[in-house]
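One structure below.
There are 6 protein chains.
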Amino acid sequence: MFVYQKNLQYPVKIRNVNPRLASIIISQYGGPDGELGASIRYLSQRYSMPYAELKALLTDIGTEELGHLEMVGAVVHQLTRDLSMDEIKKAGFDAYFVDHTAGVYPTAASGAPWNAASIGVKGDVIADLSEDLAAEQKARVTYDNILRLSDDPDVNNVIRFLREREVVHYQRFGEGLRLAAEKMNEKNFYTVNPAFDR
Amino acid sequence: MFVYQKNLQYPVKIRNVNPRLASIIISQYGGPDGELGASIRYLSQRYSMPYAELKALLTDIGTEELGHLEMVGAVVHQLTRDLSMDEIKKAGFDAYFVDHTAGVYPTAASGAPWNAASIGVKGDVIADLSEDLAAEQKARVTYDNILRLSDDPDVNNVIRFLREREVVHYQRFGEGLRLAAEKMNEKNFYTVNPAFDR
Amino acid sequence: MFVYQKNLQYPVKIRNVNPRLASIIISQYGGPDGELGASIRYLSQRYSMPYAELKALLTDIGTEELGHLEMVGAVVHQLTRDLSMDEIKKAGFDAYFVDHTAGVYPTAASGAPWNAASIGVKGDVIADLSEDLAAEQKARVTYDNILRLSDDPDVNNVIRFLREREVVHYQRFGEGLRLAAEKMNEKNFYTVNPAFDR
Amino acid sequence: MFVYQKNLQYPVKIRNVNPRLASIIISQYGGPDGELGASIRYLSQRYSMPYAELKALLTDIGTEELGHLEMVGAVVHQLTRDLSMDEIKKAGFDAYFVDHTAGVYPTAASGAPWNAASIGVKGDVIADLSEDLAAEQKARVTYDNILRLSDDPDVNNVIRFLREREVVHYQRFGEGLRLAAEKMNEKNFYTVNPAFDR
Amino acid sequence: MFVYQKNLQYPVKIRNVNPRLASIIISQYGGPDGELGASIRYLSQRYSMPYAELKALLTDIGTEELGHLEMVGAVVHQLTRDLSMDEIKKAGFDAYFVDHTAGVYPTAASGAPWNAASIGVKGDVIADLSEDLAAEQKARVTYDNILRLSDDPDVNNVIRFLREREVVHYQRFGEGLRLAAEKMNEKNFYTVNPAFDR
Amino acid sequence: MFVYQKNLQYPVKIRNVNPRLASIIISQYGGPDGELGASIRYLSQRYSMPYAELKALLTDIGTEELGHLEMVGAVVHQLTRDLSMDEIKKAGFDAYFVDHTAGVYPTAASGAPWNAASIGVKGDVIADLSEDLAAEQKARVTYDNILRLSDDPDVNNVIRFLREREVVHYQRFGEGLRLAAEKMNEKNFYTVNPAFDR
């Protein structure tokens, strides 16, 4: 089970609103490679993971990503406080606003609501960890792109923290994959399952 | 942020596998009225909730639902351990198995992956709480239906616990709605926003 | 069955085109809380509704919402007549135009086509009516937001009429829920189904 | 606007329940080529249809399809009344039942909720009528397949009526297309728009 | 099987970038009536097509559409090379850029990822060919709209070629439908299947 | 552009029909990790791939996957020829049959139509190749599962060929990733982009 702790993992204090930027950053809330997908992917993959170390890794990172989801939500929220209708229209934020006002809804920047089709749970050690490595790289690119698009230091500060964490997760999943390959070798399994390769 | 605590909110100990039942219960993992939708709905609605008591209520219930998601995942997992191909085929579990093996994937019993279109975040106190009341009733019905379909006491024990929690949440959201109505009256707002009703 | 009557429920006469506003208002045609969802939700819930008064209520409101769908379509249509390519591009209406020209397609303002995942039919009196109460509140907020974004009196006139109807429907569904609770009591059923609560 | 008339267009009186058959027939309620899609397609295409005769045709057929939607819903409902849990499980109806009990929800037989991606509104006379001709043929095939799968005379009676209506609609849309081609010739337009073909 | 040939079917040489136009044209890559849908529709319908001439027609056109998909991708790519962040933001291309940088992703202009719900494979000669006729008309309209929105001669040159091919395909499918009707008559079948019409 | 060659990459000759198995194998046609997704993913990623060798690799594998898509379609087709209604119903194939007869439609075994949300095109060398490595592993698992579920030697023969190709692709993408990392080092770029890591 999960226990909520009142502080964010890293503080979010944004001084200036910017609804356009919010409508881009929301992709890390509910977009194809965002934090919602990350947390649900890892927390779901745990059940069929046969090795305790890797199950713990998935739990650990999955729980941290829930905290990142919260942080991205806070960024979006702070960028959209007390907007005038004029600011909303100029930023093209009206298409989001009409259905969600200034609420935080799990959608991609493109407008597509989050869909579990964007995550994979294959019930296979190697495939699931490969999925996770790809996921971390895709999230890293999304943060890169946000940094390219944003010049708000209050935002970039947070985004840089989140981006760095994805890099760390990528490395940890890399170690996890090596560990898995070793363990499978011991039991005479390979990345390409020899039971089917003979 | 969230801290993981190793125990489940309520213990899950299922002695007999039952892939058919697993493929029904998974709807409370990733179905239209399941625990994934519940937790993401409440945790997302928090940001635009203007009253501290209600923000706390959403955080509190949203976090608990994450624990329920975990419990439902554990039920599905325990019902699908060490299956033979024969058991899988007889149960019609092959359509799930081909893409997820015995992993736990956020899907409805119908086979549709979870889609955020099934939750509402409107950025409006009354609408969001009404959505939550409906959500709890819909989750309650899904648990009712699982209880109607299952005769495994190990499973039903857990489902009854989860169902009871939804009833409690429904009551708490009902109190929340009353509280919100009062607060809005103080500031001269009504359920039907008088700014537009004049 | 349904009979078409040539007049709209409330007249729509819009003098000035405004493709940007059309692309926002279309969310009440095919968006998550729009009139398509409303009518299909209520007309679908009728079948399993056990009480004649409530079945009639669903039929009645569901049929009226079909007429509202038609009105919203008329608003969108009148706001997008005889546009120049320049008007289309300046309004960002090109993303819609390329696939639908000036046709009226059931989509959200966000660009997501209407999806039945956004409505609930649970086959349960209390859950379905709670869903309906939430739906009316969510539609009301969407109309509020359109009124916030639009300053065209010809449009707002129509939107105010539609918004008012949602408030009336909300009240009628509220009465419906009270009626249902009473009826269920008579037969010794409660909101929380005692068959499962013992 | 629409007026509800209490009788069905054609009577539905089914004596024997059959949840398996219901779960197939529901595709004509909310499946890719079903009556929901038909009615929304035609009623949506009306706005941009430039010729009064064709606008009337779309209104006329679209309204009739709403009545067919109602009839298909009635078939599904009557096939799923008073089921025992045993009947539900044997028929594989449990995957539907868990989320909708015996309510009628707009889904395909495959389990995918209805999605407006399955209909086209192009705002172009020829394209829209071609879409409609295709739609009627696809609906006709679905009814053919239901007739192949069902041996319940009470059901087939209704399905044959509905199938026949699709054939009539196909012919009427064919006449509509011929009419449109003539009208466009008068104004020096062709099926292949000469403005772009020079 | 397919063999790749290094040249495009028709050359794409675009001198000036234009991210806004790219974000519109991409609908012919991954939108509801685009080339991805076209190729997959025809190549999938082949299997159940009973007549060799029509199977060959589907293979032929389906393969050509794969080449058109490639051409549209090339247009989108060339319109989005070496963009500055400023150009990206001004064009509203940031919503696409954040998730795909300058990669080519199968999405509609509206932002909805391509969904197979937008194509029909009915396993019926008449229905499938009617679907194909409609598809070609819908693609033609999309190209018409691109030509209306674009004033880049390098782009329009390519789009005109692609549009013309759709018109040719429409005519070929028309001949295919006449051929099918004749063949079915020989075996005593009609457009309206007499086995069910007696 | 693509040229069609009449033979399959590997012959498909299945003697016995088996609609249940067909409804599982179709996931490699239109499921989350199937051949449609594979080919579109690689052929789409080509445009933004900066290195000629890797562009060629994507074209090469993407084109081969189109041939695999064709082979999987042939397997599904041959497993569903000349079925009786009785065979269809016993196999639970009726839910597919009602909407597609014996046509081959791009759907997952679960019933969800193919959705581009299941593929990633990030416009970033490392992320795209990581996505591809994961994709090949996920496809490999799906083939493993088909081999676990099927005991038809005619089918397994083909599936084993396809599975082996995925393993080869995985290795080639692994080499591609190493090549990319080297190339990026030359230009002073790392897997974790130092421009953002300083």
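Protein chains in written order, with the numbering used here: chain A, 1499 to 1696; chain B, 1499 to 1696; chain C, 1499 to 1696; chain D, 1499 to 1696; chain E, 1499 to 1696; chain F, 1499 to 1696.
Just so you know, even glycine gets a beta-carbon here, dropped at the ideal spot from N, CA and C.
Where do the N-terminal and C-terminal ends of the beta strand (DSSP E) with residue i fall, by residue?
i: B/Tyr-1502; result: 1500 to 1502
I'd like the span of the alpha helix (DSSP H) that includes residue i, first residue to last.
i: F/Asn-1643; result: 1623 to 1647
i: E/Ala-1593; result: 1592 to 1598
i: D/Lys-1588; result: 1583 to 1588
i: D/Ile-1522; result: 1517 to 1523
i: F/Lys-1511; result: Unbroken run through F/Lys-1511: none, as it is neither H nor E.
Give the interface partners of residue i over in chain C, defined as CB-CB distance under 7 Å, in chain order.
i: B/Val-1639; result: Lys-1620, Asp-1622 and Ala-1625
Residue i by DSSP, collapsed to three states: which one?
i: F/Asn-1613; result: strand
i: E/Arg-1696; result: Reliability of the predicted coordinates at E/Arg-1696 is poor, the pLDDT of 45 falling under 50, and no value is obtained from them.
i: E/Thr-1605; result: strand
i: A/Leu-1506; result: coil
i: E/Thr-1578; result: coil
i: F/Asp-1652; result: helix
i: A/Glu-1680; result: helix
i: D/Gly-1529; result: coil
i: C/Met-1547; result: coil
i: C/Gly-1672; result: helix
i: C/Lys-1553; result: helix
i: A/Gly-1618; result: coil
At a CB-CB cut-off below 8 Å, which residues of chain D make contact with residue i?
i: B/Ala-1606; result: Asp-1597 and Gly-1609
At 7 Å on the CB atoms, spell out the chain F contacts of residue i, in chain order.
i: A/Glu-1629; result: Ala-1632 and Lys-1636
Quick one: list the residues of chain F neighbouring residue i, beta-carbon separation under 8 Å, in chain order.
i: A/Ala-1615; result: Pro-1530, Ala-1610, Asn-1613, Ala-1615 and Ser-1616
Since residue i contacts residue j with CB under 8 Å, what's their CB separation in whole angstroms?
i: E/Lys-1681; j: E/Tyr-1540; result: That belief does not hold up - the Cβ atoms of E/Lys-1681 and E/Tyr-1540 are roughly 19 Å apart, past 8 Å.
i: A/Arg-1530; j: E/Asp-1597; result: Per the sequence shown, residue 1530 of chain A should be read as Pro rather than Arg. Going by Cβ atoms, the distance from A/Pro-1530 to E/Asp-1597 rounds to 6 Å, so yes, they are a contact pair.
i: D/Tyr-1508; j: C/Thr-1561; result: Contact doesn't hold; Cβ gap of about 19 Å is too wide.
i: D/Gly-1672; j: D/Leu-1631; result: 6 Å
Chain C partners of residue i, CB-CB under 8 Å?
i: E/Arg-1661; result: Result: empty, since nearest Cβ-Cβ is about 13 Å, beyond 8 Å.
If the cut is a Cβ gap below 7 Å, which residues of chain B does residue i touch?
i: A/Met-1499; result: Gln-1503, Asn-1505, Leu-1506, Gln-1507, Gly-1565 and Glu-1568
i: F/Asn-1643; result: Phe-1595, Val-1596 and Thr-1599
Along chain F, which residues have their Cβ under 9 Å away from the Cβ of residue i?
i: E/Ala-1600; result: Tyr-1545, Ser-1546 and Gly-1621
Name, please, each residue of chain E whose Cβ falls closer than 7 Å to the Cβ of residue i.
i: A/Arg-1646; result: Met-1583
i: A/Ser-1525; result: Val-1596 and Asp-1597
Report the neighbours of residue i on chain B: residues whose CB is nearer than 9 Å to its CB, in chain order.
i: A/Ile-1512; result: Near A/Ile-1512 there are no residues of chain B at all, since even the closest Cβ is about 13 Å away, more than 9 Å.
Can you list the residues of chain D that residue i reaches, using a CB-CB cut of under 9 Å?
i: C/Ser-1521; result: Ordered by position in chain D, no residue passes the 9 Å Cβ test against C/Ser-1521, which lies about 14 Å from the chain.
Any contact of the stretch 1616 to 1626 of chain E with the stretch 1627 to 1635 of chain D, i.e. 3+ C-beta pairs under 8 Å? yes
Should the stretch 1587 to 1601 of chain F be called in touch with the stretch 1571 to 1585 of chain B, which here means at least 3 C-beta pairs below 8 Å? no
Short-range partners of chain H found in the stretch 1565 to 1594 of chain F, where Cβ spacing is below 8 Å: Of the protein chains in this structure, namely A, B, C, D, E and F, none is chain H.
Count the CB pairs spanning the stretch 1638 to 1647 of chain E and the stretch 1650 to 1665 of chain D that are closer than 8 Å, and state whether there are at least three. no
Three Cβ pairs or more, each shorter than 8 Å: is that satisfied between the stretch 1531 to 1540 of chain B and the stretch 1612 to 1620 of chain B? As far as the Cβ criterion goes, the stretch 1531 to 1540 of chain B touches the stretch 1612 to 1620 of chain B, which means the pair count is three or higher.
Check whether the stretch 1562 to 1575 of chain C touches the stretch 1511 to 1520 of chain D, counting contact only when three or more Cβ pairs, one atom from each stretch, lie closer than 8 Å. no
I want to know whether the stretch 1558 to 1567 of chain B touches the stretch 1519 to 1534 of chain B - three or more CB-CB distances under 8 Å. yes
Are there three or more Cβ pairs, one per stretch, closer than 8 Å when the stretch 1595 to 1615 of chain E is compared with the stretch 1668 to 1682 of chain D? no
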